[in-house]
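Residue numbers (my numbering), protein chains in the order written: chain A, 667 to 863; chain B, 667 to 863; chain C, 667 to 863; chain D, 667 to 863.
Where is the CB? At the ideal position from N, CA and C, for every residue including glycine.
It should be emphasised that the depicted structure is a prediction, and the values quoted were computed from it without experimental measurement.
Here it is, written out as structure tokens:
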């Protein structure tokens, strides 16, 4: 089975998810800067989620490049990932409209956690299909970043109930880790994470 | 006529249908778990419909792989399928917001039934164009699952007026039948369905 | 310049237009059949517009198949067509929510008229680029249907102020003319149209 | 890394942005022409933004044609552009619903300015990857239009607080400059802009 339509469908769904979030930026009635003020937390959560979805598209793009063929199991692992990504607009809006309150911030982290688990399942399914010696398996490697992210999300969810801004700081930190392509930062984060446990 | 744009257009429409459903998950005003409670039936119907649309994309993907060329009749049979699929977000939201009440559950089943009929028409149109001896006709085969699903939807619609939760259980069962690629389960369901009549 | 992205972008925009119309089918609050009654005109106008947008996608698909190369002028003629198509969801909802009242029905016809004019401009621009002797020019031919449609839309718009249901009947007739691939029906419609003048 | 999915994802996001703006044209309750009157500024701002997004798609299309290969930096420069474009529906609706009031008009100009800066960053990133002697670098050239546009947006933002209609006239002028492929007009605008400083 060729991968063309898997990529096209994923691109379509991810493009819609990243774009419909802007519909939650409800147009205010006033025409002053003051009318925009209540939108600031909504806008901040929009930026964070936009970056997260872009990271997933980016990683999905890289991952699929090394893929040679797909099967039914892979199609479903991919749909499973898209399902969790599709919930990001909802939790983004809930968190933004409640000024990063504890429970919305925890739910946001939980959705990020399930996205990360779904991505991990997708990579495992792909490796199972291509073989442990394949170019794909070598390209994915030990996937430190992915596993560190999982741990960080759990820390973030727990922190939400203590200080939800700190939790969102953790989520932003994970996003930054994926954005900055410096290997040393990655290693530092890994060791920091290990010492946090 | 080549099939490239037929696939691209279908991918686009299905990607949008599966994604805009999340817009019906209206962001609650409160910031507590209690604020999320009324959303549970909406969320359950979202999951069911997400799986159904993913199944249709999956099957469409498999079906089109064996297609060699398309004509005007096939384009319209495909648009007809997309029309019924496009109604899923509406019936999903209606069913979810009314806690799986009888009439919404029956209408949900009716839309699933028409989607299945439209899919059947599409396969018949494709076979008529490619010939009964074509690779496509052999790949589709006798299409047991498709015909069993039709019968189950009718049972579900009728059951809605008796017990709408049972009806939704039937819809979930059909979805599970498409998800689980075990041939024995498929045969069991066929015989169960026959003994139900 | 290759035509690949022109097709991809048009497919994307048309797929979104045809799908977001369903968002105007606002979920009713009641759970009875009676709750659906006010939606009937909205649903009828949805079906009509769904068919129209599918016809445009279909014709666009056929038209672009004979296209060999594109230039800036063609890109803009295409964007101009997409602009008018993008207004269809708005006029569809306005007409549906006002039970096919005169002015909404006239505006609906006006948008259809401008879509048809934009399509005509696109074909003229394509022929100007490919030459009068090109395969494309021969494929388009004298474009009877296109010109008859223009006349019918004008008749429909004028009729809206007399009897708006009759106007919508005209719009439905034009759609049927494009759906039914019988050449004799086409000729009959042409002569009827001529005798109407 | 090939550019196929970068184009497909960008096409998807831009197609959605250009189309969801029409959702801000809220269907009025009355059925008269008078009911449409309050929508006129919203519609005017819709047209302006539709043209702007079409220009960006057009330019993106031209730019990517000369691109041979992409890297992670380019993917992110592209996502950065899509982020600013994704804000256009919001500022369009805010400006339209407030009849082109000063602050909404200034914010609209600011988003246009950031889109233009993001586009400039994308071209610089592409040239850095392809080399100053590449076909791409030559095709982009000195990019007079791009730099003039930046200056005009700043002028427009400042003018918003004096006369917001004049500011919108400036934005429309910049759009016209990109639409009209006459080199003399371009040069005239450049010299006018220089004499304005």
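Can the beta-carbon of residue i be found closer than 9 angstroms to that of residue j?
i: residue 708 of chain A; j: residue 755 of chain D; result: no
i: residue 833 of chain D; j: residue 771 of chain D; result: yes
i: residue 751 of chain D; j: residue 788 of chain D; result: no
i: residue 693 of chain A; j: residue 763 of chain D; result: yes
i: residue 822 of chain B; j: residue 678 of chain A; result: no
i: residue 723 of chain D; j: residue 745 of chain C; result: yes
i: residue 759 of chain B; j: residue 690 of chain B; result: yes
Run down chain C in chain order and give the residues with a C-beta less than 9 angstroms from the C-beta of residue i.
i: residue 844 of chain D; result: Ordered by position in chain C, no residue passes the 9 angstroms Cβ test against residue 844 of chain D, which lies about 11 angstroms from the chain.
i: residue 793 of chain D; result: Per Cβ cutoff of 9 angstroms: no residues; residue 793 of chain D is ~21 angstroms from chain C at best.
If you draw a straight line from the C-alpha of residue i to the C-alpha of residue j, how long is it?
i: residue 739 of chain C; j: residue 812 of chain D; result: 20 angstroms
i: residue 827 of chain B; j: residue 837 of chain B; result: 15 angstroms
i: residue 711 of chain C; j: residue 705 of chain C; result: 10 angstroms
i: residue 686 of chain A; j: residue 808 of chain C; result: 42 angstroms
i: residue 892 of chain A; j: residue 824 of chain D; result: Any question about residue 892 of chain A goes unanswered here, given that chain A covers just 667 to 863.
i: residue 769 of chain A; j: residue 682 of chain D; result: 31 angstroms
i: residue 849 of chain C; j: residue 810 of chain C; result: With a pLDDT of 49 at residue 849 of chain C, under the threshold of 50, the modelled position of that residue is not reliable, and the figure given next carries that caveat. Answer to the nearest angstrom: the Cα atoms are 11 angstroms apart.
i: residue 799 of chain D; j: residue 741 of chain D; result: 22 angstroms
i: residue 779 of chain B; j: residue 814 of chain B; result: 11 angstroms
i: residue 680 of chain A; j: residue 749 of chain A; result: 10 angstroms
i: residue 816 of chain C; j: residue 831 of chain C; result: 19 angstroms
i: residue 786 of chain C; j: residue 668 of chain C; result: 22 angstroms
i: residue 846 of chain B; j: residue 846 of chain A; result: 41 angstroms
i: residue 676 of chain B; j: residue 829 of chain A; result: 45 angstroms
i: residue 672 of chain A; j: residue 672 of chain C; result: 21 angstroms
i: residue 839 of chain C; j: residue 725 of chain B; result: 34 angstroms
i: residue 835 of chain D; j: residue 835 of chain B; result: 59 angstroms
Taking residue i as the reference, give the member of the options with the closest Cα.
i: residue 782 of chain B; options: B/712, B/684, B/675, B/743; result: B/743
i: residue 730 of chain C; options: C/820, C/805, C/836; result: C/805
i: residue 727 of chain B; options: B/777, B/831, B/670; result: B/670
i: residue 732 of chain D; options: D/745, D/825, D/796, D/810; result: D/796
i: residue 695 of chain B; options: A/818, A/761, A/825; result: A/761
i: residue 757 of chain A; options: A/736, A/784, A/773, A/676; result: A/773
i: residue 767 of chain C; options: D/698, D/676, D/716, D/845; result: D/698
i: residue 737 of chain A; options: A/721, A/715, A/725, A/791; result: A/791
i: residue 794 of chain D; options: D/714, D/735, D/721; result: D/735
i: residue 713 of chain C; options: B/830, B/839, B/753, B/814; result: B/753
i: residue 703 of chain B; options: B/715, B/839, B/765; result: B/765
i: residue 684 of chain C; options: C/676, C/672, C/720, C/668; result: C/720
i: residue 777 of chain C; options: C/676, C/846, C/715, C/835; result: C/715
Which chain B residues are close to residue i, counting only those with a beta carbon under 7 angstroms from its beta carbon?
i: residue 698 of chain C; result: 769
i: residue 749 of chain A; result: 716
For residue i, go through chain B and note every residue whose CB falls closer than 8 angstroms to its CB, in chain order.
i: residue 815 of chain A; result: Chain B residues near residue 815 of chain A: none, gap ~23 angstroms exceeds 8 angstroms.
For a contact meaning CB atoms closer than 7 angstroms, what does residue i contact in chain D?
i: residue 691 of chain A; result: 756
i: residue 744 of chain A; result: In chain order: nothing, as chain D lies at least about 14 angstroms away.
i: residue 724 of chain A; result: 741
Mind reading off the beta-carbon distance from residue i to residue j? Whole number of angstroms is fine, and I expect it under 8 angstroms.
i: residue 873 of chain C; j: residue 718 of chain C; result: Beyond the ends of chain C as shown, which are 667 and 863, falls residue 873 of chain C; an answer cannot be given.
i: residue 674 of chain B; j: residue 803 of chain C; result: About 26 angstroms; that fails the 8 angstroms criterion.
Strictly below 7 angstroms CB to CB, what residues from chain C border residue i?
i: residue 735 of chain D; result: Those do not exist, as residue 735 of chain D stays about 17 angstroms from chain C at its closest Cβ, beyond 7 angstroms.
i: residue 678 of chain D; result: 678
Taking Cβ-Cβ distances shorter than 9 angstroms, what residues in chain A pair up with residue i?
i: residue 727 of chain B; result: 667, 671, 672, 675, 741
Can you name the residues of chain D whose CB is closer than 8 angstroms to the CB of residue i?
i: residue 826 of chain C; result: Those within 8 angstroms of residue 826 of chain C in chain D number zero; the least Cβ separation is about 11 angstroms.
Counting only Cβ pairs nearer than 9 angstroms, list the residues of chain B close to residue i.
i: residue 806 of chain C; result: Neighbours of residue 806 of chain C on chain B: none; closest Cβ ~16 angstroms, over 9 angstroms.
Determine the chain A residues that contact residue i at a beta-carbon separation under 7 angstroms, and present them in chain order.
i: residue 681 of chain B; result: 675, 678, 679, 682
i: residue 832 of chain D; result: Result: empty, since nearest Cβ-Cβ is about 17 angstroms, beyond 7 angstroms.
Going along chain D in order, which residues have a C-beta closer than 9 angstroms to the C-beta of residue i?
i: residue 760 of chain C; result: 693, 694, 697, 701, 702
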